[in-house]
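All the letters of the sequence shown, read from the start, carry residue numbers 168 to 313 under this note's numbering. Idealized CB from N, CA, C, for every residue including glycine. Keep in mind the model is a prediction, meaning the values are calculated, not measured. Data block below; observations after.
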Amino acid sequence: MSIDVDQVSKEKGFEQQDANVRGIVYVGIGLVLGLLVCLGGVHLVLDSYEKSIPTPLATALEKQRALPPEPRLQPDPAREAGRILDQARAQLISLGWIDRHKGIVHIPIADAKAALARTGWPSRARGRPGEKPYPLSLQDTQGRAR
């Protein structure tokens, strides 16, 4: 399959005629118009498909007002803080169980202070069984510098 080439172009080694600009422009315009027609068709098909789908009715659960996620803002922070402080004060002045199985209770602060004044603060000076009291006696230094 041979292509007819102008003898002058063959001798000079390059094409002597200019490309047909009008033909190239027409092909470009045709491509753009074809693309626009395709896009319009796709738009019409998708629009008609979207309209054909029935919208589902909202269920009772969806109609309920959903709570916002945590942490929720307090509508009245002063009242909430007062309630928390009242609960803390009530626990500080009352008797009650912390853990009944372990025998741990909470007592009023005034009673705890009175018991501490009677018995004194527990210290390590008493030591545990088998433990030597602090500070060590002079015999425990075994002749080291005093």
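Identified DSSP bridge partners for residue i
| i | result |
| --- | --- |
| D266 | I271 |
Integer-rounded CB distance, given that residue j should sit under 8 Å from residue i
| i | j | result |
| --- | --- | --- |
| R183 | V194 | Residue identity check: residue 183 is Gln in the sequence provided, not Arg. Not confirmed; about 23 Å, so no contact. |
8 Å Cβ shell around residue i - same chain, five flanking residues per side excluded
| i | result |
| --- | --- |
| K207 | First, the amino acid is wrong: residue 207 is Gly here, not Lys. Cβ neighbours of G207 beyond the five flanking positions: none. |
Pair within 8 Å by beta-carbon distance, residue i and residue j
| i | j | result |
| --- | --- | --- |
| P275 | L262 | yes |
| H273 | Q254 | no |
Proximity test, residue i beta-carbon vs the ligand PLP heavy atom, cut-off 7 Å
| i | result |
| --- | --- |
| H268 | Looking for the ligand PLP in the displayed structure turns up nothing, as the structure carries no ligands at all. |
Contact set for residue i: own chain, Cβ-Cβ below 6 Å, skip 5 residues either direction
| i | result |
| --- | --- |
| I271 | I265 |
| K179 | none |
Neighbourhood of residue i by C-beta, 7 Å cutoff - its chain only, sequence neighbours within 5 removed
| i | result |
| --- | --- |
| R246 | none |
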